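Here's the structure, in structure tokens; my notes come after.
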Amino acid sequence: MAAFDDSADPELGAACNRLAAWVEPLPAGAVVDASSGLTEADLALILRHLHATRHGDAGEHTIDTPRPTPTRPSVPITARE
């Protein structure tokens with residue numbers, strides 16, 4: 001499960017943890033909201049970006065930065081040992 005516990009914004013981190021827990025069991029490509037076309041992949045993309053920027057380094061990620069190839073599970077996994 002993705003861990004946003006070390007986010008610069010604790011409220012956002014907690015909300016992301018809840019969203020990740022909800023998104024994780026969705027089937028790949030599932031449509032979350034038919035009227036907007038929002039899919040599991042959209043939510044996973046948002047969570048991956050938020051996970052990468054959770055320390056407030058959003059300015060370092062630009063359009064020229066190659067995107068990681070998504071793999072299942074669709075949200076970032078961080079091992080908790």
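Its first residue numbered 1, the sequence shown is counted upward by one per residue in the UniProt record's numbering. Just so it is clear, CB atoms sit at the ideal spot from N, CA and C, and this is done for glycine as well. Fair warning: this is a prediction, and the values are worked out from it, not measured in the lab.
Buried versus exposed call for Ala20 [16 or more other C-beta atoms within 10 Å across all chains shown]: buried
Given that a residue counts as buried once 16 or more other Cβ atoms are within 10 Å of its Cβ, and exposed if not, what is Glu11? exposed
Who are the Cβ neighbours of Ala30 in its own chain at under 6 Å, not counting the five residues just before and after it? Cβ neighbours of Ala30 beyond the five flanking positions: Glu40.
If I measure Cβ to Cβ from Leu26 and keep anything under 6 Å in the same chain, skipping five residues before and after, which residues do I get? Hits under 6 Å: Glu40.
In DSSP terms, what Leu38 is bridged to: Asp33
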